[in-house]
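Going by the UniProt record's numbering, the sequence shown runs without a break in its numbering and finishes at 399.
Each remark here refers to the structure printed beneath this line.
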Amino acid sequence: MADSLDSSIDFKDEAELRKQVFKILDFYYPACIDHEKGGYINGFLDDGSINDTVTKHLVATNRYIYIFSIGAILDGPEWCLESARHGIRFLKEHHLDQDNNGYFFELKGTDVENDSKMAYGHAFTLLASAIAYEAGVEEAKDVLDNVYGVLETHFWDPEHGFYKDEWNAAWTSLSSYRGQNPNMHMCEAMLTAYEATGEEKYLDKAYTLAEGVTGKLAERSGGMVWENYTPEWQPDWEFNKNNTKDEFRPFGFVPGHQFEWSKLLMWLDRHQSEPWMLERSEALFHKGWDLGLDQEYGGIFFALSPERKVIDDDKNYWVMAEAISAASLLAAKTDNAFYWDAYDQLFQYSSEHLMDHAHGGWYKLLNRENQPYSDVKTSPPKTDYHPVAAYYQSILAFD
């Protein structure tokens, strides 16, 4: 990585961070608003050309709602709030299963393509409805209340203290798969819902998830968070073996998710500070950093084997964004020069290799030598939610 941050961009400056949020929003808006079918356009090339007009992914719908809501919270133009409202409407009219409740995972236009009920998708529905409500979309509260009820009724596993993963549409068949990834995003969504509503039930659930995953589950895999689990929440070392490219259930220890939990622990600490939160946050950050940092080409490797050897050396945009978030929250909490330096290094790398300064948005995936694999900037469910969230968390941390 470069020795010093590009002096022309100060990523610790709130005005600069806000500017970067709107560079992303300006890349997507207004082209992403689907006036014909409703919801959003999910597929874009680097220059802003559209390459997919039909896919409507639950996670992407929610991530668009999230980024436009952040734009509204940051006092952006009126179209930010209207664009978030547009997505809430599509959730209610098309993703919602009117017969069985819950939210369909994927549509083609307005036709259901994948009717699975996924915890991951429902976590993002909670996140999106909460942040939209905070931004001023009153009708998002109905979605928030509904999806929380669905989660408690169908997904919550009181015996183990985590969320189960996947049901069929009618809630009659439950997958045996269990994963940390939906529980991680559920923790994020619960924190967001607590900040939006002040209701303690959300904070309590975030606490339970953070304590359970970074404690109980991390202990079962030697101090880092493994991705995939059996129904009894033991690490499943065989599931998806060597398939690190699964969008939702990758094989391996993922350094990016160690950073993401590090961030969530410091976010939880803002509201209910206990010593173990900082201790675990720092431990996970250092594991992600020490094992994941590419000393030669910069950036963070994507995945490690059970033995913690690099098995996927690609550079994924969201990994850098989550590392930035964690570094900013830890720097603000501890004022330790290590985290300030890490924050600078991560942003320097991202500015050089991942941010498209010409068109806006972040490139999705680079190889180890930081070359892009294709000219597709966004395929479902990207939407650049991770960088927008990183900018927003950094603004809050430095405030």
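No residue lacks a Cβ here, since even glycine has one placed at the ideal position from N, Cα and C.
As the structure is a computational prediction, the values presented were derived from the model and not from experiment.
- Taking the Cα of residue 193 as reference, the smallest distance to any Cα among 230, 145 and 175 is reached at 145.
- Taking every protein chain shown into account, the CB of residue 261 has 16 or more other CB atoms within 10 angstroms, so this residue is buried.
- 88 is the residue among 309, 88 and 23 whose C-alpha sits nearest the C-alpha of residue 143.
- In its chain, beyond the 5 residues on either side, 48, 359, 360 and 361 have a beta carbon closer than 7 Å to the beta carbon of residue 27.
- Going by C-alpha positions, residue 388 is about 8 Å away from residue 70.
- Per DSSP, the beta bridge partners of residue 55 are 108.
- In the DSSP assignment, residue 10 falls outside any beta strand (DSSP E), carrying neither H nor E.
- In this structure, DSSP gives residue 230 a state outside helix and strand, which the three-state scheme calls coil.
- Residue pairing for residue 118: DSSP places it in a beta bridge opposite 166.
- Residue 241 and residue 390 have their C-alpha atoms some 30 Å from each other.
- Here residue 339 is buried, its C-beta having at least 16 other C-beta atoms within 10 Å.
- Excluding the 5 residues flanking it on each side, residue 106 has same chain C-beta neighbours closer than 6 Å at 57, 113 and 114, in chain order.
- Ranked by how close their Cα comes to the Cα of residue 111, the residues 286, 208, 96 and 396 have 96 in first place.
- Secondary structure of residue 96 (DSSP, three-state): strand.
- Per DSSP, residue 329 lies in no beta strand (DSSP E) segment; the continuous alpha helix (DSSP H) that holds it begins and ends at 317-334.
- Per DSSP, the continuous beta strand (DSSP E) segment holding residue 311 begins and ends at 310-312.
- The Cβ atoms of residue 250 and residue 303 lie closer than 8 Å to each other.
- Excluding five sequence positions before and after residue 380, the CB atoms of its chain that fall closer than 6 Å to its own CB belong to 42, 55, 57 and 60, given in chain order.
- Taken atom to atom, the span from the alpha-carbon of residue 255 to that of residue 20 is near 25 Å.
- One Cα belongs to residue 39, the other to residue 307, and the distance between them is close to 43 Å.
- Exposed is the label assigned to residue 50, since fewer than 16 other Cβ atoms lie within 10 Å of its Cβ.
- Annotated as proximal: residue 14 and residue 395, with beta-carbon spacing under 8 Å.
- Between residue 137 and residue 84 a beta carbon distance of about 5 Å is seen, short of the 8 Å cut, so the two are scored as contacting.
- Contact annotation, residue 186 with residue 123: C-beta distance approximately 4 Å; criterion of less than 8 Å satisfied.
- Cβ-Cβ distances below 6 Å link residue 384 to 24, 361 and 362 in the same chain, with the five nearest sequence neighbours on each side left out; the list follows chain order.
- Of the candidates 164, 160 and 159, the residue whose Cα lies closest to the Cα of residue 150 is 164.
- Contact check for residue 366 against residue 353 passes: the beta carbons are separated by less than 8 Å.
- Straight through space, the alpha carbons of residue 90 and residue 33 are spaced by roughly 11 Å.
- Here residue 89 carries a helix assignment [DSSP, helix/strand/coil].
- In the three-state DSSP reduction, residue 239 falls in the coil class, being neither helix nor strand.
- Around the beta carbon of residue 216, fewer than 16 other beta carbons sit within 10 angstroms, so the residue counts as exposed.
- In the three-state reduction of the DSSP assignment, residue 41 falls in the coil class.
- Partner residues in the beta bridge of residue 355, as assigned by DSSP, are 362.
- Just so you know, the alpha carbons of residue 94 and residue 298 end up roughly 42 Å apart.
- In the three-state reduction of the DSSP assignment, residue 157 falls in the strand class, which pools E and B.
- Less than 8 Å separates the beta-carbon of residue 66 from that of residue 128.
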